[in-house]
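All remarks here apply to the structure that follows.
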Amino acid sequence: MQANDLISAAERLRSARRVVVFSGAGMSAESGIPTFRDALTGLWSRFDAERLATPEAFERDPELVWGWYEWRRMKMLRAQPNPGHRALVDLSRHVAQLAVITQNVDDLHERAGSTPVLHLHGRLNEPRCSRCACAYPIGDQIPDEPQDGRRLAPPRCARCDGAIRPGVVWFGEALPLDEFERAQDAAMQCDVWMTVGTSGLVYPAAELPLRAQRAGAWLLQINPQMTGLDDHYDTCIAGTAAATLPALITALQDGARISG
Ligand code: OAD
Numbered sequence: 010m011q012a013n014d015l016i017s018a019a020e021r022l023r024s025a026r027r028v029v030v031f032s033g034a035g036m037s038a039e040s041g042i043p044t045f046r047d048a049l050t051g052l053w054s055r056f057d058a059e060r061l062a063t064p065e066a067f068e069r070d071p072e073l074v075w076g077w078y079e080w081r082r083m084k085m086l087r088a089q090p091n092p093g094h095r096a097l098v099d100l101s102r103h104v105a106q107l108a109v110i111t112q113n114v115d116d117l118h119e120r121a122g123s124t125p126v127l128h129l130h131g132r133l134n135e136p137r138c139s140r141c142a143c144a145y146p147i148g149d150q151i152p153d154e155p156q157d158g159r160r161l162a163p164p165r166c167a168r169c170d171g172a173i174r175p176g177v178v179w180f181g182e183a184l185p186l187d188e189f190e191r192a193q194d195a196a197m198q199c200d201v202w203m204t205v206g207t208s209g210l211v212y213p214a215a216e217l218p219l220r221a222q223r224a225g226a227w228l229l230q231i232n233p234q235m236t237g238l239d240d241h242y243d244t245c246i247a248g249t250a251a252a253t254l255p256a257l258i259t260a261l262q263d264g265a266r267i268s269g
């Protein structure tokens with residue numbers, strides 16, 4: 010981790026009024042939730058997205074798809090927020106306005122205490138009817154963790170008897186309009202945009218940092234690897250979320266003590 014970059018990022022944050030944190034799967038990796046594109050452990054390296062993450066897949070084989078998402082939901086329920094999630098809550102005490110925009114379908118930002126959190130790709134804990142869109146209260150009991158290939162019949166809707174589907178955005182589906190519009194507004198208005206743990210490969214979410222930059226924001230990226238968008242960022246810090254974000258808060262607090 011580059012100390013000078015941390016210090017200059019902390020200075021930017023200190024003078025910012027509106028800050029956006031834009032997170033991807035790397036944010037939750039140190040909580041034990043797999044990313045999508047890691048060559049060995051990523052979900053899309055081990056499972057076929059076409060068979061699991063499209064509306065057609067659910068129509069073709071609802072038990073396969075529901076079983077797989079239940080496996081992921083159990084992983085989420087067992088996971089705990091990591092120091093990176095918690096550092097963002099600390100950050101919210103240092104800036105006038107902090108919005109978290111996430112592509113993650115877990116609730117670890119919320120469980121750490123962040124608010125508001127905009128979920129561009131939906132939420133695992135908010136399934137709904139595939140026919141009438143009625144919300145289905147799923148609860149958060151943790152039964153035995155299903156195996157990753159275990160088929161499970163989706164529950165039925167109490168109103169119309171349609172199959173309940175996971176509350177996530179699948180390939181080929183639109184993002185939730187209200188949350189995407191609010192994310193676009195936040196991008197247009199922020200002073201600092203901080204991207205954490207995303208490959209930046211999935212659109213339209215990936216265009217948000219560029220929109221923020223065009224509107225005049227200063228852009229920071231935190232990721233242990235390079236991404237295709239490195240050149241767009243003002244500063245890229247090579248490090249993990251759970252190590253870098255707490256270090257950034259420490260730099261912010263140290264700087265405040267010096268200038269105070
Ligand atoms: P990816 O798996 O594409 O990228 C994860 C990123 O996290 C990579 O750039 C890693 O280098 C980085 N990373 C790994 N460990 C990290 C750590 N400990 N700290 C910080 N960064 C780390 O996941 P996303 O970019 O989130 O969409 O993927 C975007 C979308 O593609 C997902 O929301 C999902 C997927 O298909 C839908 O399901 C619609």
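Residue numbers (the numbering used here): 10 to 269.
All residues carry an ideal CB built from backbone N, CA and C; glycine is no exception.
Item	Value
Label residue 187 either buried or exposed according to how many other C-beta atoms from any shown protein chain fall within 10 Å of its C-beta, with 16 as the threshold for buried.	exposed
In chain order, what residues of the same chain have a beta carbon less than 6 Å from the beta carbon of residue 91, not counting five sequence neighbours either side?	39, 40 and 251
Quick one: complete beta strand (DSSP E) runs, 3+ long, within the region 178 to 246?	201 to 205, 227 to 231 and 244 to 246
Is it the case that the region 131 to 138 contacts the region 159 to 175, given that we only count it when at least three CB pairs across the two stretches are under 8 Å?	yes
Using DSSP bridges, identify the partner residues of residue 141.	Residue 141 pairs with nothing; no bridge assigned.
State the beta-bridge partners of residue 32 as determined by DSSP.	111 and 205
Might you give, ordered along the chain, the residues of its own chain that have their beta carbon closer than 8 Å to the beta carbon of residue 96, omitting 5 neighbours on each side?	254, 255, 257 and 258
Compute every distance between the C-beta of residue 41 and the non-hydrogen atoms of the ligand OAD, then say whether any falls below 7 Å.	no
CB of residue 241 to nearest heavy atom of the ligand OAD: below 7 Å?	no
For residue 264, I'd like the list of residues in its chain whose CB is within less than 8 Å of its CB, leaving aside the five on either flank, ordered along the chain.	16, 19, 20 and 23
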